[in-house]
Structure formats: structure tokens, C-alpha cells
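**Student:** Chains as they are written, first to last, in our numbering: chain A, 10 to 122; chain B, 195 to 311. To start, I am sharing the structure in question, which I have written as C-alpha cells.
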Amino acid sequence: DGGITQSPKYLFRKEGQNVTLSCEQNLNHDAMYWYRQDPGQGLRLIYYSQIVNDFQKGDIAEGYSVSREKKESFPLTVTSAQKNPTAFYLCASSRQEGGTEAFFGQGTRLTVV
Amino acid sequence: AQKVTQAQTEISVVEKEDVTLDCVYETRDTTYYLFWYKQPPSGELVFLIRRNSFDEQNEISGRYSWNFQKSTSSFNFTITASQVVDSAVYFCALSEVFMNRDDKIIFGKGTRLHILP
Numbered sequence: 010d011g012g013i014t015q016s017p018k019y020l021f022r023k024e025g026q027n028v029t030l031s032c033e034q035n036l037n038h039d040a041m042y043w044y045r046q047d048p049g050q051g052l053r054l055i056y057y058s059q060i061v062n063d064f065q066k067g068d069i070a071e072g073y074s075v076s077r078e079k080k081e082s083f084p085l086t087v088t089s090a091q092k093n094p095t096a097f098y099l100c101a102s103s104r105q106e107g108g109t110e111a112f113f114g115q116g117t118r119l120t121v122v
Numbered sequence: 195a196q197k198v199t200q201a202q203t204e205i206s207v208v209e210k211e212d213v214t215l216d217c218v219y220e221t222r223d224t225t226y227y228l229f230w231y232k233q234p235p236s237g238e239l240v241f242l243i244r245r246n247s248f249d250e251q252n253e254i255s256g257r258y259s260w261n262f263q264k265s266t267s268s269f270n271f272t273i274t275a276s277q278v279v280d281s282a283v284y285f286c287a288l289s290e291v292f293m294n295r296d297d298k299i300i301f302g303k304g305t306r307l308h309i310l311p
């Protein structure tokens, strides 16, 4: 089945450690996105990529990094510089044409312990 | 700058009642798209509808209907005869289409809908 796979579903991290969240899609979509969801805050855009080897910062990119070496993959690294990393992270993808809907993965819940 | 406002943080209605979720947006572009997504307790966002800025025709899909009014920059979502399965968080979103194709999707803060049996 085509879709977006995020792994792991739950992730625990010690303070001061970097952690990488995986996002893979087999929809042949050019565009991929990372959002962060906090209670009462809705979805906030972290990074997005419209094409391989290129990506742009979203509204809350500080403390995060991404790479887009393959069309299918858009991993997100939460670095130790992110001061409040505990959140629900959602990955999405869409066709590159403007205005197309995004398809979402099931999310990764990251908890810093 | 683009912005999506969902003023209703949380709504509770009794099953079979109709309910309308409000969405107001801001954009500088003349070409844009609006979306509604549903987020059930499982967490994954489910796409419901897309509307482009040139199509103000209202749409109905079963118990769901959408009212798009450019004059008031609103894109409201109505559920008729609500059911317990409609309980979820609903997000309105906006995508502008810039000439450099650097478009992105911006979401509102969501409305949590409780349908009480």
C-alpha cells in the first residue's frame, strides 16, 4: 500500500542527546514536510522540502535539522539545542504542484526524560 | 503573511445535533487553497476537502458541508446529524501558490469536537 511511514511511534530521549525521527514515503511525492504538534498550538511547520537535496526552514526550525538525500526519505533530527523537544511530530508529503493536499504519517511522540 | 484562525478551541454537542466549525484565513495571494483535516485519537491527519480560491461553490459530502466565502475570508465546516465517530480534532489549513513554487501548508490551531452520546 502507498503511504507515509514514520518510525518509531514512541521515542524517549535523555536530555542532551540528539535523536532522529524517520519518515519514508512511497507515494512518489516531491514535497515533504515536518510539523510539530503541542496541545493548544495546532501544527507548526519545522522544515519542508520541495525537491531532493533542497529544503527550507519553517516557522520553528531552531534546534532541528533535516536532510533530503532521497525522494522517499526526509529524516528529522532533534538536536540538544532544542529546548523543549517533548511533542508529537508529524511528517507529510504532497505532489509539488501548488495547492495539492498533504498526506500524513501516523506521527512520532517524542518524550524527553 | 498567511494565517489561519480557528477561534473555537473546543466544542461539545449532543449526538444528532448539527455543528459548525469556523475557519478564518489571511493571505496576500490571489491564488490559494484551503483544506480541512480530521485528526482522530490515533493521531494521523485525514484529508477531508480542498478548495481553491477561484471556486466559491459550496460543497456537500454526505453529512459534511463546507461554506467558502471570500468576502469574509472564511471557510466553515458543518457536520449535520453528528455522530460519536465524528469526535476528533479538526484542522483548517491554507496553502499559497507563489511564483517560485515555494508554497507550504499552514494550519490553524484546531478545534476539538466532542460528540456526546
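Built from N, CA and C at the ideal position, the CB exists for glycine as well.
1. Might you give, ordered along the chain, the residues of its own chain that have their beta carbon closer than 7 Å to the beta carbon of residue 280 of chain B, omitting 5 neighbours on each side?
2. Looking at the C-beta of residue 11 of chain A, does it have a partner C-beta in chain B at a distance below 9 Å?
3. On the three-state DSSP scale, how would you describe residue 264 of chain B?
4. Are the C-beta atoms of residue 231 of chain B and some chain A residue less than 9 Å apart?
5. Within 8 Å, do at least three Cβ pairs link the region 207-218 of chain B to the region 80-92 of chain A?
6. If we require 3 or more residues per run, which beta strand (DSSP E) segments fall completely within the region 53-116 of chain A?
7. Is it true that the region 67-80 of chain A meets the region 109-121 of chain A, where meeting means three or more beta-carbon pairs spaced less than 8 Å apart?
8. According to the Cβ coordinates, are residue 196 of chain B and residue 218 of chain B closer than 9 Å?
9. With distances taken from CA atoms, which of B:286, B:266, B:271, B:289 is nearest residue 212 of chain B?
10. Among all the DSSP beta bridges, which residues are the ones paired with residue 47 of chain A?
11. For residue 96 of chain A and residue 248 of chain B, I'd like the C-alpha separation in whole angstroms.
12. First and last residue of the beta strand (DSSP E) that includes residue 282 of chain B?
13. Taking only the alpha-carbon atoms, compute the straight-line gap between residue 11 of chain A and residue 37 of chain A and give it to the nearest angstrom.
14. Using the beta-carbon of each residue, which ones in chain B are nearer than 8 Å to residue 20 of chain A?
15. May I ask whether a heavy atom of the ligand FAD can be found less than 8 Å away from the beta carbon of residue 16 of chain A?
16. So residue 84 of chain A and residue 14 of chain A are supposed to be a Cβ contact under 8 Å. How far apart are they, rounded?
17. Under 8 Å Cβ to Cβ from residue 23 of chain A, same chain only, skipping five residues before and after it: list those, please.
18. Answer yes or no: does any C-beta atom of chain B fall closer than 9 Å to that of residue 103 of chain A?
19. Going straight from the alpha carbon of residue 203 of chain B to that of residue 43 of chain A, what length do you get?
20. Would you call residue 21 of chain A buried or exposed, if buried means 16 or more other Cβ atoms sit within 10 Å of its Cβ?
21. Determine the closest residue to residue 251 of chain B out of B:257, B:289, B:244, B:261, with distance taken between C-alpha atoms.
22. Residues of chain A with CB under 7 Å from residue 246 of chain B, in chain order?
23. Is residue 122 of chain A helix, strand or coil when you go by DSSP?
24. Ignore the nearest five residues each way along the sequence and tell me which others in residue 253 of chain B's own chain have a CB closer than 6 Å to its CB.
25. Per the DSSP calculation, residue 308 of chain B is bridged to which residue(s)?
**Tutor:** Well, looking at it:
1. Position 86 of the second sequence, counting from 1, holds the residue named residue 280 of chain B. Leaving aside the five residues that flank residue 280 of chain B on each side, the residues in its chain whose CB is nearer than 7 Å to its CB run, in chain order, 273, 307, 309.
2. For the purposes of this step, residue 11 of chain A is identified with residue 2 of the first sequence, where counting begins at 1. No, its Cβ sits nowhere closer than 9 Å to a Cβ of chain B.
3. One-based indexing of the second sequence puts residue 264 of chain B at position 70. Note: residue 264 of chain B maps to helix in three-state DSSP.
4. One-based indexing of the second sequence puts residue 231 of chain B at position 37. Output row for residue 231 of chain B: interface = yes.
5. The region 80-92 of chain A is not in contact with the region 207-218 of chain B.
6. The qualifying runs are 63-66, 73-75, 85-87, 96-103.
7. In short, these stretches do not touch, since the Cβ pair count stays below three.
8. Residue mapping note: residue 196 of chain B aligns to position 2 of the second sequence, counting from 1. Residue mapping note: residue 218 of chain B aligns to position 24 of the second sequence, counting from 1. Cβ atoms of residue 196 of chain B and residue 218 of chain B: not closer than 9 Å.
9. Stepping through the second sequence from its first residue, residue 212 of chain B is reached at position 18. Nearest C-alpha to residue 212 of chain B: B:271.
10. Within the first sequence, numbered from 1, the residue matching residue 47 of chain A stands at position 38. Among the bridge pairs identified by DSSP, residue 47 of chain A is matched with A:51.
11. What you label residue 96 of chain A is simply residue 87 of the first sequence in a count that begins at 1. What you label residue 248 of chain B is simply residue 54 of the second sequence in a count that begins at 1. Taking the straight line joining both Cα atoms gives about 37 Å.
12. By 1-based counting over the second sequence, the position of residue 282 of chain B is 88. Secondary structure note for residue 282 of chain B: its beta strand (DSSP E) is the uninterrupted segment 282-290.
13. Here residue 11 of chain A is taken as the residue at index 2 of the first sequence, counted from 1. Here residue 37 of chain A is taken as the residue at index 28 of the first sequence, counted from 1. Residue 11 of chain A and residue 37 of chain A: Cα-Cα distance of roughly 9 Å.
14. Numbered from 1 along the first sequence, position 11 holds the residue referred to as residue 20 of chain A. Per Cβ cutoff of 8 Å: no residues; residue 20 of chain A is ~14 Å from chain B at best.
15. The ligand FAD is not part of this structure, which contains no ligands at all.
16. One-based indexing of the first sequence puts residue 84 of chain A at position 75. One-based indexing of the first sequence puts residue 14 of chain A at position 5. The pair is not a contact, with the Cβ atoms about 12 Å apart (cut-off 8 Å).
17. For the purposes of this step, residue 23 of chain A is taken as residue 14 along the first sequence, with counting starting at 1. Taking residue 23 of chain A as the centre and dropping the five residues before and after it, the same chain places the C-beta of 121, 122 closer than 8 Å to its C-beta, in chain order.
18. Your numbering for residue 103 of chain A matches position 94 in the first sequence. Yes, contact with chain B.
19. Here the question's residue 203 of chain B lines up with position 9 in the second sequence. Here the question's residue 43 of chain A lines up with position 34 in the first sequence. Between the alpha carbons of residue 203 of chain B and residue 43 of chain A lies a gap of roughly 23 Å.
20. As a first step, residue 21 of chain A is located in the first sequence; it is residue number 12 there, counting from the start. Classification of residue 21 of chain A: exposed, given that the 10 Å Cβ count is below 16.
21. In the second sequence, the residue the question calls residue 251 of chain B occupies position 57. Nearest option by C-alpha distance: B:261.
22. Start at 1 with the first residue of the second sequence, and residue 246 of chain B comes out as number 52. For residue 246 of chain B, the residues of chain A that pass the 7 Å Cβ criterion are 108, in the order they occur in the chain.
23. As a working mapping, residue 122 of chain A is identified with position 113 in the first sequence. In the structure shown, residue 122 of chain A sits in coil (DSSP, three-state: anything other than H, G, I, E or B).
24. Your numbering for residue 253 of chain B matches position 59 in the second sequence. Contacts found: 260.
25. Here the question's residue 308 of chain B lines up with position 114 in the second sequence. Per DSSP, the beta-bridge partners of residue 308 of chain B are B:206.
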